[in-house]
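Numbering (my numbering), first residue to last: -6 to 383. Accompanying notes for the structure given below.
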Amino acid sequence: MKKTRPILWILIIAAVASAGYYGWQKFSSPEAGKTQTAQKGPARPPAIPVSVSPVQKADFPVYLTGLGTVQGFNTVQVRSRVDGQIDKIAFSEGQMVKQDELLVSIDPRPYQATLDQAKAKKAQDEANLANANLELQRAMKLGEFATAQRVDTQRSTVAQLTAQIAADEAAISNAQTQLDYTQIKAPFTGVAGLRLVDVGNIVNASTQTGIVTISQVEPISVIFTAPEDQLPYISEGQKAGALKVIAFTTDGKKTLAEGKLAVINNQVDTTSGTIRLKAVFDNKEHTLWPGQSVSTRLLVRTLKDATVVPDDAVQHSTNGLYAYTVNQDNKAEVHKIKVSYAIDGRSVVDEGLSPGQQVITGGQFKVQPGSLVSTAVASSDPSQNKVRQE
């Protein structure tokens, strides 16, 4: 019996060890893990992080964009109207010259001499007229002792001298005008360009070479085009008042000036299907310059209570446009939409969405219909700038 007890204990220990080893093999094997996972059910997929923004109802301004060229409101190439040598240049290149300000002075002496000669001729004819009037009075006082022929002849002499004085006055006026032309003045307020003559140069009225070009920049105009199919909207808007036009740099990143639509051209260009328009800007800051290319926006009309979403929410496919929304269960839903206008990062949705819905604006490349999402509200409003996690 004493020998049997150790053997019994050894058998018990061996049985316990075998049972432990069997249990370890069963529960630690991959098949065991799969069995446990299968019993618990499939793992829940993680939520996809996305950005959302609310669908809003707001007034939406409809702009027509295009390219235009800045033109001086008035532009003139100043030329001489008389011949002569330039004595003085009174302006600087690039200077803002005022209306009637002296630009160039031409040697006035020949024209002053002509004026003095015309004045002297008038004085001479006035003296002859005074003498002729005295002779007429004497002839009339003689009565019957003076012949009728003598009286008529003297009256004719008086009339001739009177007419000659009128001609002298016209000659004086012409000579004064020619003398005034030696002082070349600015026809309007504007910016002087590069001068084309120097002191001492001879200028002629018959030559085409100018002295300087002046462009009026306050106000200033921009010529641009619009599609002909927008002409009815433009004309209708003009009836309510001048339409607003905004000028930008050609890349559209910087606003230069705001003005008003002034002129709609009287015909459509049949080759391009566009209509030429002219806008006027005050240009007090001189942000617009003649010859400059600009990008334009013409405010045609404003849509009242339009359904507006960010451009990032609009997705493209072969079947058209669509957008993802997030429902109350934080799951993505797809909606086919129709967009009529898009500008400044916003789009007008005519069909497919309603105000108050949350549209996905970022992270759509991972989203499928029914996907679980975690949302971050994309809004400039601090009260809405919160992250809602699933």
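Note that beta-carbon positions come from the ideal geometry of N, C-alpha and C, so glycine has one too. Note that the coordinates shown come from a computational prediction; the quantities given were computed from them, not determined experimentally.
Local Cβ density within 10 Å of residue i, reported as buried at 16 or more and exposed below that
i      : result
Lys27  : Confidence is the limiting factor: at Lys27 the pLDDT is only 49, short of 50, which leaves the residue's position unreliable, though a coordinate-based value still follows. Exposed, since its Cβ has fewer than 16 Cβ neighbours within 10 Å.
Asp161 : buried
Asn276 : buried
Pro39  : exposed
Ser347 : exposed
Ala31  : Any reading at Ala31 must be qualified, since the residue scores a pLDDT of 48, below 50, and its modelled position is unreliable; no value is offered.
Ala25  : Any reading at Ala25 needs caution, since the residue's pLDDT is 48, under 50, leaving its predicted position unreliable; the model's value is listed next. Under this definition Ala25 is an exposed residue.
Pro362 : exposed
Lys115 : buried
Ile6   : exposed
Ile213 : buried
Ser228 : exposed
Arg290 : buried
Ile195 : exposed
Gly349 : exposed
Met133 : exposed
In DSSP terms, what residue i is bridged to
i      : result
Lys324 : Leu365
Pro42  : Ser367
Gly186 : Per DSSP, none; premise fails for Gly186.
Pro180 : Beta-bridge pairing links Pro180 to no other residue.
Glu251 : Ile239
Lys50  : Thr300
Ile353 : Val45
Tyr104 : Note: Tyr104 sits in no beta bridge, so no partner.
Asp93  : According to DSSP, Asp93 bridges with nothing at all.
Thr68  : Ser208
Identity of the residue in the options nearest residue i by Cα
i      : options                           : result
Val327 : Lys246, Tyr315 and Val190         : Tyr315
Thr264 : Asp322, Pro220 and Thr289         : Pro220
Thr107 : Leu224, Thr300, Leu172 and Ser347 : Leu172
Ser46  : Gly363, Arg339, Asn67 and Pro180  : Arg339
His309 : Lys329, Ala179 and Thr300         : Lys329
Asn323 : Val293, Val360 and Lys114         : Val360
Thr335 : Lys112, Gly345, Ala240 and Ala306 : Sequence inspection shows Ala at residue 335; the Thr mentioned does not correspond to that position. The candidate whose alpha carbon is nearest that of Ala335 is Ala306.
Ser364 : Ile204, Val341, Val319 and Gly284 : Val319
Arg294 : Gln231, Thr311 and Arg72          : Gln231
Lys271 : Lys331, Arg102 and Ala240         : Ala240
Ala123 : Arg102, Ala152 and Pro101         : Ala152
Val69  : Arg148, Gln201, Val144 and Leu249 : Gln201
Contact belief for residue i with residue j at Cβ below 8 Å, rounded distance in angstroms
i      : j      : result
Leu296 : Val55  : 6 Å
Ile216 : Thr62  : 5 Å
Ile99  : Gln78  : 7 Å
Leu224 : Ile268 : 6 Å
Thr242 : Val287 : 7 Å
- Write down every uninterrupted run of the beta strand (DSSP E) in the stretch 191 to 237 whose length is 3 residues or greater and which is fully enclosed by it, in chain order. Taking 3 residues as the minimum length, the beta strand (DSSP E) runs contained wholly in the stretch 191 to 237 are 205 to 208 and 213 to 220, in order along the chain.
- Task: Enumerate, from N- to C-terminal direction, the unbroken beta strand (DSSP E) stretches of 3 or more residues contained entirely within the stretch 273 to 330.
- Result: Segments of the beta strand (DSSP E) lying fully in the stretch 273 to 330: 286 to 303, 308 to 310, 313 to 319 and 325 to 329.
- Message: My parser needs the alpha helix (DSSP H) runs of 4 or more residues fully inside the stretch 108 to 165; what are they?
- Response: With a minimum length of 4 residues, no continuous alpha helix (DSSP H) run stays inside the stretch 108 to 165.
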